[in-house]
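K.L.:
Those sequence lines, one after another, are chains A and B. Note that the numbering used here gives residue 1 to position 1 of the first sequence, counting from 1, and the numbers run on in steps of one. With positions in the second sequence counted from 1, the corresponding number in the numbering used here is that position plus 1000. The C-beta atom is built at its ideal place from N, Cα and C for all residues, glycine as well. This is the structure, below, for whatever I ask next.
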Amino acid sequence: NAGVTQTPKFQVLKTGQSMTLQCAQDMNHNSMYWYRQDPGMGLRLIYYSASEGTTDKGEVPNGYNVSRLNKREFSLRLESAAPSQTSVYFCASSEETTDTQYFGPGTRLTVL
Amino acid sequence: GEDVEQSLFLSVREGDSSVINCTYTDSSSTYLYWYKQEPGAGLQLLTYIFSNMDMKQDQRLTVLLNKKDKHLSLRIADTQTGDSAIYFCAVFSGGYQKVTFGTGTKLQVIP
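Printed below as a string of structure tokens:
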């Protein structure tokens, strides 16, 4: 099992450009999440998806959109990138018994 | 909503024990977790404890839960340089956010 995979690992964008971060999991989990990690602020939830076809806003959704393409894949889109979106982005999925979350390796995004 | 707090930094000597502390606010929390993040990597689950337990031990790791004080701790015995990382406390609090993470404690192990 690959667990949770994310692409790309690194990305540099100019202000106003758009991009999509991809995430996939092979653990048959229903729930998937997108977080951003900034120094001194821990993990902040951007969006989550409790099941295929459903998505909900988290703590910091502004400037982002998501798509739960199928049970395996959950993508995060930045329509018009801003320097404030420079961060490390983590995708996670969780098992239902204990809500333990399993994380991908992260995408390091810089917006110039 | 749930608030989870940790100190930002801890420094210990190799071979000593490390104790990382965490406080939370939601007394109805059911699962409490410790994650480890090594440089340039994602978070990796170390262990979790269910709220009806006071202690859980797993090799060099001991988790203590004081529900009355809403305090969770992670003790690492015989700390090694490979334990240097950021440790996140996380609490299942229900609702849309489900799991709330602390800000992380950076553990530095001095050889």
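Would a check of beta-carbon distances place Y1035/B closer than 9 Å to chain A?
P.N.:
yes
K.L.:
Are the beta-carbon atoms of F74/A and Y35/A separated by less than 9 Å?
P.N.:
no
K.L.:
At which residues does the beta strand (DSSP E) containing K1036/B begin and terminate?
P.N.:
Segment 1031-1037, the beta strand (DSSP E) holding K1036/B.
K.L.:
How many Å lie between T100/A and G40/A at the Cα?
P.N.:
23 Å
K.L.:
Compare the beta carbon distance of S1007/B and I1020/B with 9 Å and say whether it is the shorter of the two.
P.N.:
yes
K.L.:
Drop a sphere of 10 angstroms on the beta-carbon of L1032/B, count the other beta-carbons inside from all chains shown, and report buried for 16 or more, exposed for fewer.
P.N.:
buried
K.L.:
List the whole-angstrom C-beta distance separating S87/A from D38/A, where the pair is believed to meet the contact cut-off of C-beta under 8 Å.
P.N.:
5 Å
K.L.:
Output needed in chain order: residues of the segment 1040-1071 of chain B with a Cβ under 9 Å from some Cβ in chain A.
P.N.:
G1040, A1041, G1042, L1043, Q1044, L1045, Y1048, F1050
K.L.:
Scan the segment 4-52 of chain A and note each continuous beta strand (DSSP E) run of 3 residues or more that stays entirely inside, going in chain order.
P.N.:
Counting whole runs of 3 or more residues, the segment 4-52 of chain A contains the beta strand (DSSP E) stretches 4-7, 10-13, 19-25, 31-38, 42-49.
K.L.:
Is the Cβ of Y102/A closer than 9 Å to any Cβ of chain E?
P.N.:
Judged by its chain identifiers, the structure shown contains no chain E, and its protein chains are A and B.
K.L.:
Exposed or buried, what is Q85/A when buried is set at 16 or more other beta-carbons lying within 10 Å of its beta-carbon?
P.N.:
buried
K.L.:
Please list the segments of the alpha helix (DSSP H) lying wholly inside the segment 1033-1104 of chain B, counting only runs of 4 or more residues, in order along the chain.
P.N.:
DSSP runs (the alpha helix (DSSP H)) wholly in the segment 1033-1104 of chain B: none.
K.L.:
For L1074/B, would you say it is in contact with chain A, using Cβ-to-Cβ distances shorter than 9 Å as the test?
P.N.:
Not one chain A Cβ lies under 9 Å of L1074/B.
K.L.:
Residues in the segment 37-62 of chain A with C-beta within 9 Å of chain B's C-beta atoms, listed in sequence order?
P.N.:
Q37, G40, M41, G42, L43, R44, L45, Y48, A50, D56, K57, G58, E59
K.L.:
Among the residues of its own chain, which have a CB less than 6 Å from the CB of S67/A, if the five just before and after it don't count?
P.N.:
S75
K.L.:
Please check the pair F1101/B and A1090/B, which I expect to be a contact at CB under 8 Å, by giving their CB distance rounded to whole angstroms.
P.N.:
5 Å
K.L.:
Give me, in chain order, the residues of the same chain whose beta-carbon lies closer than 7 Å to that of V111/A; leave out the 5 immediate sequence neighbours on both sides.
P.N.:
L13, T15, A81, A82, P83, Q85, T86
K.L.:
Of all the residues that make up the segment 84-97 of chain A, which are near chain B by a beta-carbon distance shorter than 7 Å?
P.N.:
F90
K.L.:
Let me see if you follow: with CB-CB separation under 9 Å, is T1025/B close to chain A or not?
P.N.:
no
K.L.:
G1015/B to T1062/B, Cα distance in whole Å?
P.N.:
Computed Cα separation, rounded: 16 Å.
K.L.:
Expressed to the nearest angstrom, what Euclidean distance is found between the alpha-carbon atoms of Q17/A and C23/A?
P.N.:
20 Å
K.L.:
Just to make sure I have the definition right: I need the residues of chain A whose C-beta is within less than 9 Å of the C-beta of Y1031/B. Which are they?
P.N.:
T98, D99, T100
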